[in-house]
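*Asks:* Sequence positions in the sequence shown follow full-length UniProt numbering and run 1 to 266. This is the structure I have questions about; it appears just below.
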Amino acid sequence: MDFITFWQQMQTAVPILSNFQLQIVWEYRSLFIDGMKMTIGITLIAVVFGTLIGLFAGMARLADVKHGLWKYPVRFLVRWPSSAYVTFFRGTPLFVQILLTHFAVMPMLVHPTDGLLISGDLASTLRQDYGAFMSGLVALTLNAGAYITEIFRAGIQSIAKGQFEASRSLGMNYWQTMRFVIIPQAFRRMLPPLGNEAIMLLKDSSLVSAIGLAELAYAARTVAGAYSRYWEPYLTISFLYLIVTLLMAAGVNKLEKHFQSSGGIH
Numbered sequence: 001m002d003f004i005t006f007w008q009q010m011q012t013a014v015p016i017l018s019n020f021q022l023q024i025v026w027e028y029r030s031l032f033i034d035g036m037k038m039t040i041g042i043t044l045i046a047v048v049f050g051t052l053i054g055l056f057a058g059m060a061r062l063a064d065v066k067h068g069l070w071k072y073p074v075r076f077l078v079r080w081p082s083s084a085y086v087t088f089f090r091g092t093p094l095f096v097q098i099l100l101t102h103f104a105v106m107p108m109l110v111h112p113t114d115g116l117l118i119s120g121d122l123a124s125t126l127r128q129d130y131g132a133f134m135s136g137l138v139a140l141t142l143n144a145g146a147y148i149t150e151i152f153r154a155g156i157q158s159i160a161k162g163q164f165e166a167s168r169s170l171g172m173n174y175w176q177t178m179r180f181v182i183i184p185q186a187f188r189r190m191l192p193p194l195g196n197e198a199i200m201l202l203k204d205s206s207l208v209s210a211i212g213l214a215e216l217a218y219a220a221r222t223v224a225g226a227y228s229r230y231w232e233p234y235l236t237i238s239f240l241y242l243i244v245t246l247l248m249a250a251g252v253n254k255l256e257k258h259f260q261s262s263g264g265i266h
């Protein structure tokens with residue numbers, strides 16, 4: 001028995017389902033599957049790179065030299081740029097950031113004739129085949145990085161200063177202290193907000209459909225446009241988003257319990 005026959009029997013057995021045409025979703029199931037893969041994939045990549053940005057930008061925001069030659073270079077070239085980055089991406093809508101990245105930033109960086117990073121035939125191929133993906137990934141990564149920067153900054157500041165001073169007294173430099181002493185202790189406290197940020201980013205990835213990336217929201221919009229029906233496609237992706245976010249929340253909770261029992265990362 002195929003799905004369409006099964007659903008027709010369900011509609012006959014349960015009259016309340018008679019107006020719910022789930023067959024149209026099944027007809028476009030490959031589009032929804034590909035959309036789910038794209039949504040999860042772009043979210044995972046953005047979270048990984050956003051975490052790396054947040055780690056270094058968070059430490060940059062805390063970098064401080066009270067005296068000496070490096071006082072002003074650190075302030076103007078490290079702290080202020082990182083603060084400006086966080087302020088911009090946390091203070092403007094993600095939707096606007098996606099549009100700005102796709103229509104202004106990426107054409108400036110990747111352009112067939114005068115791209116600052118990539119030009120020529122490679123730029124043409126990238127923009128034609130992966131333009132929406134690159135723009136969406138860059139926008140989501142930079143947005144996630146700004147929020148994760150604040151998570152790292154708060155987590156690092158939550159560790160007692162005596163830990164830092166003790167490490168420096170043992171001969172560790174700033175980066176060694178962060179790597180071996182501060183970050184492992186702070187990570188347990190940062191894990192819940194990091195998980196929340198990953199879940200928020202998964203849901204916010206639906207905004208990338210505005211520039212034509214074929215993810216879940218794009219799939220639902222395609223089906224809705226083809227049949228002029230909205231309950232079926234949008235309820236379908238709502239449940240798909242809900243399932244993935246619940247799985248992510250369960251994974252974060254499991255990791256949190258693991259790190260609490262083990263004492264941090266090693």
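For every residue, glycine included, the Cβ atom is placed at its ideal position computed from N, Cα and C. Source: prediction; values computed, not measured.
1. Taking the alpha carbon of Phe20 as the reference point, which residue from Thr236, Leu246, Met172 and Ser119 has its own alpha carbon closest?
2. What separation, rounded to the nearest whole angstrom, lies between the Cα atoms of residue 312 and Gly145?
3. Based on Cα-Cα distance, which residue from Arg189, Ala249 and Phe133 lies nearest to Lys37?
4. Whole angstroms are fine: how far does the CA of Glu256 sit from the CA of Arg79?
5. Roughly how many whole angstroms lie between the Cα atoms of Leu100 and Thr92?
6. Just to confirm my understanding: we take Leu240, look at its own chain, exclude 5 residues before and 5 after, and list those with CB closer than 7 Å. What are they?
7. Where does Ile199 fall in DSSP's three states?
8. Restricting to runs no shorter than 4 residues, where is the alpha helix (DSSP H) found entirely within the segment 92 to 129?
9. Using the Cβ count rule (16 or more neighbours within 10 Å means buried), how would you classify Tyr218?
10. What residue does the alpha helix (DSSP H) around Gln163 start on, and which one ends it?
11. Which residues in the same chain as Ile42 place their Cβ atom closer than 8 Å to its Cβ, once the five residues preceding and following it in sequence are excluded?
12. Report the three-state DSSP secondary structure of Leu22 (helix, strand or coil).
13. On a CA-only basis, which of Lys254, Leu201 and Thr149 is nearest Ile98? Give me that one, please.
14. With distances taken Cα to Cα, identify the nearest neighbour of Ala57 among Thr87, Asp34 and Lys71.
15. Locate the alpha helix (DSSP H) running through Ser158, then write down its first and last residues.
16. Distance, Cα to Cα, Met178 vs Val47?
17. From Pro193 to Phe76, what distance separates their C-alpha atoms?
18. Ile33 lies in the alpha helix (DSSP H); which residues open and close that run?
19. Nearest-angstrom Cα distance between Asp129 and Leu242?
20. Have a look at Val25, Ala154, Tyr147 and Ser167 and flag the residue whose alpha-carbon is nearest the alpha-carbon of Leu94.
*Replies:* By the coordinates alone:
1. That would be Thr236, whose Cα lies nearest to the Cα of Phe20.
2. Only positions 1 to 266 of the chain appear in the structure, and residue 312 is not among them; the question remains open.
3. Here the closest residue by C-alpha is Phe133.
4. Approximately 31 Å between the Cα atoms of the pair.
5. Between Leu100 and Thr92, the C-alpha separation is close to 11 Å.
6. These residues qualify, in order along the chain: Met36 and Leu216.
7. Under the three-state reduction of DSSP, Ile199 is assigned to helix.
8. Segments of the alpha helix (DSSP H) lying fully in the segment 92 to 129: 94 to 100 and 106 to 109.
9. The residue in question, Tyr218, is buried, as its Cβ has 16 or more Cβ neighbours within 10 Å.
10. It spans Lys161 to Ser169 - the alpha helix (DSSP H) in which Gln163 sits, taken as one unbroken run.
11. Apart from sequence neighbours up to five positions away, the residues of its chain that approach Ile42 with a beta-carbon distance below 8 Å are Phe133, Gly136, Leu137, Leu140, Ser205, Val208, Leu213 and Glu215, ordered along the chain.
12. Residue state, collapsed to three classes: coil.
13. Out of Lys254, Leu201 and Thr149, Leu201 has the C-alpha closest to the C-alpha of Ile98.
14. Selected option, being the one with the closest Cα: Thr87.
15. Where Ser158 is concerned, there is no enclosing alpha helix (DSSP H), given that its DSSP letter is neither H nor E.
16. CA-to-CA, the gap between Met178 and Val47 works out to about 21 Å.
17. Distance between the alpha carbons of Pro193 and Phe76: 29 Å.
18. Per DSSP, Ile33 is one residue of the alpha helix (DSSP H) stretching across Arg29 to Leu62.
19. Going by the C-alpha atoms only, they are around 30 Å apart.
20. Ranking the options by Cα distance to Leu94, first place goes to Tyr147.
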